[in-house]
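Enquirer:
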């Protein structure tokens with residue numbers, strides 16, 4: 203299974219970083235991009251410590267033409283992209299009364315339009331080869347949560363995006379699935395009060411805040427041959443079922 207070509211968006215920090223390192227550790231050729239030069243350098247340095255490589259770039263997923271160019275360059279260099287992980291995310295907070303047009307656009311531009319752009323650019327060569335795996339990272343907020351109108355609405359769109367893709371390409375050898383992370387220690391949770399962190403941890407299967415590597419393991423499994431007949435599902439990783 204090793205030696206696949208993998209692209210991880212938002213792959214230089216948090217869950218995406220853990221996924222990039224996980225794919226690299228199993229021998230895959232990993233490309234990743236995210237915002238912030240420090241994060242880009244950090245994931246490459248961490249991979250080198252264990253004798254692996256992550257080819258990371260500093261790139262905002264809203265830079266549509268640059269993203270398309272990067273994908274074209276990867277395909278030209280490697281001949282293919284076998285696995286796409288759509289993980290890039292932005293999390294503006296607030297109810298509708300306090301949500302600006304800019305915050306609404308940020309959530310949808312990053313969380314769903316970016317996913318559309320990368321998937322559309324990667325998919326044709328998967329269709330041609332009749333093989334590929336796409337993992338989209340959503341959020342429990344996509345099913346409704348207080349104070350996250352823009353983020354929640356955009357993440358809700360991810361569920362429908364995955365389902366439509368899975369149906370459209372069901373018989374072309376391409377699998378598309380969604381991962382919903384439980385409360386996880388990432389850049390999005392930095393600076394949160396300890397009380398809020400503790401409450402989030404109680405919603406986890408483990409009874410604590412999840413580590414990014416634990417969520418990445420679910421992503422790696424969905425991208426693997428072990429999940430060869432799995433498509434169109436939502437895998438909730440590290441979170442308890444909602445109770446009425």
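In this note's numbering, the protein residues as written are 203 to 446.
C-beta atoms are modelled at their ideal positions from N, C-alpha and C, and glycine is treated no differently.
Return the CA-CA distance between residue 241 and residue 354, expressed in angstroms with no decimal places.
Expert: Going by the C-alpha atoms only, they are around 26 angstroms apart.
Enquirer: Enumerate in chain order the residues of its own chain whose CB-to-CB distance from residue 233 is below 6 angstroms, with the five nearest sequence positions on each side excluded.
Expert: Result list for residue 233: 209, 257, 276, in chain order.
Enquirer: When the Cβ atoms of the region 215-233 are set against those of the region 254-269, are three or more pairs found closer than 8 angstroms?
Expert: Verdict: yes, contact present.
Enquirer: Name the DSSP beta bridge partners of residue 377, please?
Expert: According to DSSP, residue 377 bridges with 335.
Enquirer: Can residue 407 and residue 340 be called in contact, C-beta distance under 7 angstroms?
Expert: Cβ distance not < 7 angstroms, so residue 407 and residue 340 don't count as in contact.
Enquirer: Residue 301: buried (16+ other C-beta within 10 angstroms of its C-beta) or exposed?
Expert: The residue is buried, with at least 16 neighbouring Cβ atoms inside 10 Å.
Enquirer: Considering only the beta carbon of each residue, do residue 338 and residue 360 sit closer than 7 angstroms?
Expert: Result yes, Cβ atoms of residue 338 and residue 360 sit closer than 7 angstroms.
Enquirer: Could you name the residues of the same chain whose beta carbon sits closer than 7 angstroms to that of residue 433, not counting the 5 residues immediately before and after it, in chain order?
Expert: For residue 433, where only same-chain residues beyond five positions count, the Cβ hits under 7 angstroms are 368, 372, 377, 378, 379.
Enquirer: Compare the beta carbon distance of residue 164 and residue 290 with 7 angstroms and say whether it is the shorter of the two.
Expert: One cannot answer for residue 164 here, as it falls past the ends of the chain, which runs 203 to 446.
Enquirer: What residues are listed by DSSP as bridge partners for residue 259?
Expert: Per DSSP, 235.
Enquirer: Which residue or residues does DSSP assign as beta-bridge partners of residue 437?
Expert: For residue 437, which the question treats as bridged, DSSP gives the partners 381.
Enquirer: In the DSSP assignment, the alpha helix (DSSP H) including residue 360 goes from what residue to what residue?
Expert: Per DSSP, residue 360 belongs to the alpha helix (DSSP H) from 351-370.
Enquirer: Buried or exposed, going by whether 16 or more other CB atoms sit within 10 Å of the CB of residue 293?
Expert: Looking at its Cβ environment, which holds 16 or more other Cβ atoms inside 10 Å, residue 293 is buried.
Enquirer: Under 7 angstroms Cβ to Cβ from residue 261, same chain only, skipping five residues before and after it: list those, please.
Expert: Same-chain partners within the cutoff: 235, 268, 269, 272.
Enquirer: Express the C-alpha separation of residue 211 and residue 356 in angstroms, rounding to a whole number.
Expert: Cα to Cα, the separation comes out at about 17 angstroms.
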